[in-house]
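Heads up, the thing below is written out as structure tokens.
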Amino acid sequence: FPSSGLPDLNKKDGLVVEGLLLAVVVVDLLLLVVKFGLAGCLQSTLRLAHVVLVCCMLADYGMAWVLAGRVLPRAAPYLRIVLTCLSMPDFRQEFSTIFRLIPRIVEVLMVVVILIFFYSWFGCILFDSHSEAEDTESDMYFPNLLDGMWNMLVLLTTANYPDVMMPAYNKNRLSFLFFLSFLVLGLWFMMNLLLATVFSEYSTAKAQSRDQMQEVQRANLDQAFAVLDTSSRGWLDQPTIQYLLMEISSYSTVKAMTEEEAANMFTTLDEDGNGQVDQEEF
Numbered sequence: 698f699p700s701s702g703l704p705d706l707n708k709k710d711g712l713v714v715e716g717l718l719l720a721v722v723v724v725d726l727l728l729l730v731v732k733f734g735l736a737g738c739l740q741s742t743l744r745l746a747h748v749v750l751v752c753c754m755l756a757d758y759g760m761a762w763v764l765a766g767r768v769l770p771r772a773a774p775y776l777r778i779v780l781t782c783l784s785m786p787d788f789r790q791e792f793s794t795i796f797r798l799i800p801r802i803v804e805v806l807m808v809v810v811i812l813i814f815f816y817s818w819f820g821c822i823l824f825d826s827h828s829e830a831e832d833t834e835s836d837m838y839f840p841n842l843l844d845g846m847w848n849m850l851v852l853l854t855t856a857n858y859p860d861v862m863m864p865a866y867n868k869n870r871l872s873f874l875f876f877l878s879f880l881v882l883g884l885w886f887m888m889n890l891l892l893a894t895v896f897s898e899y900s901t902a903k904a905q906s907r908d909q910m911q912e913v914q915r916a917n918l919d920q921a922f923a924v925l926d927t928s929s930r931g932w933l934d935q936p937t938i939q940y941l942l943m944e945i946s947s948y949s950t951v952k953a954m955t956e957e958e959a960a961n962m963f964t965t966l967d968e969d970g971n972g973q974v975d976q977e978e979f
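Following this line, the structure appears as structure tokens:
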């Protein structure tokens with residue numbers, strides 16, 4: 698790997714550092730198993746994937762120690778990326794949204810593929826030359842349809858422009874119209890259409906995701922209200938709400954709340970001021 702001249706660890710020291718960091722991951726996994734139990738980890742798809750990834754990383758690390766004298770490809774760098782994505786809910790949500798977008802933008806992508814295919818086919822015919830010279834447009838960029846499609850795809854990213862058209866341009870100045878029309882259609886129309894489609898579909902998917910989360914949140918709140926309303930009165934009194942808030946604030950992930958703050962929270966929830974919090978207010 699490029700290191701820009703910075704000092705790096707040798708293979709053995711690198712394995713030692715990797716082992717120390719992997720030990721932290723293993724401890725985290727053990728705490729997960731202690732919290733949910735082995736059966737709970739195996740029943741959840743996400744936690745099961747976590748267990749499998751850590752086991753694969755341990756196996757890869759063991760193989761690296763055993764075969765330390767050989768140069769073999771490692772799977773651990775890629776497994777760490779997957780493990781990081783699984784451990785971060787925001788990453789999982791974004792990847793899920795992206796995967797759901799793929800079928801929706803296939804139509805636009807197919808139009809781009811058809812455009813590249815047509816221009817590559819037309820270029821193979823237009824620049825076909827029987828000359829034995831090796832610097833012709835046909836030999837350099839359009840020897841066959843597959844190579845032509847690849848070069849036109851690279852052209853669409855402007856990575857090989859204007860080199861791709863120079864052999865033909867040196868022989869006939871009008872040949873630039875072929876490449877100009879491709880860039881106009883590809884960059885100014887197709888890429889903008891693709892970007893607009895992706896943005897529109899992404900915005901729609903995020904809105905649907907927010908609506909689904911709100912529905913789940915509403916269902917969870919209704920279920921919690923039903924559990925708290927043991928007498929089926931349809932409302933909760935102030936002591937019940939304050940006790941609930943104090944219990945919630947005992948969790949380390951929630952800011953600690955005093956009894957006065959809990960009372961103020963009840964007053965905020967009690968919008969009609971009747972001393973009761975109904976299901977809609979809850």
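Be aware that the sequence shown starts at 698, since it is given in our numbering, and climbs by one per residue. No residue lacks a Cβ here, since even glycine has one placed at the ideal position from N, Cα and C.
- Distances from the CA of Gln973 to each of Ser906, Cys738, Lys952, Arg930 were compared; the closest alpha carbon is that of Arg930.
- Contact annotation: Met888 and Ser872 have beta-carbon atoms that are not nearer than 8 Å.
- Rounded to the nearest whole angstrom, the C-alpha separation of Ala902 and Ala893 is 14 Å.
- Using a Cβ distance threshold of 8 Å, Arg744 and Leu728 do not count as a contacting pair.
- Taking a contact as a CB-CB distance under 8 Å, the pair Asp926 and Leu933 counts as one, their CB atoms being some 6 Å apart.
- Residue state for Leu843 is assigned as helix, using DSSP reduced to three classes.
- Inclusion of Ala773 and Met785 in the CB contact set at 8 Å is not warranted, their separation being larger than that value.
- Secondary-structure assignment with DSSP links Val974 through a beta bridge to Leu933.
- Glu957 sits away from Glu968, with the two beta carbons spaced by 8 Å or more.
- Per the coordinates, the alpha-carbon of Phe814 lies some 8 Å from the alpha-carbon of Leu842.
- Boundaries for Val881: no alpha helix (DSSP H) harbours it, and the DSSP string shows neither H nor E there.
- With a cutoff of 8 Å on beta-carbon distance, Leu718 and Val751 are scored as not near each other.
- Leu942 is not a Cβ neighbour of Ala953, given a cutoff of 8 Å.
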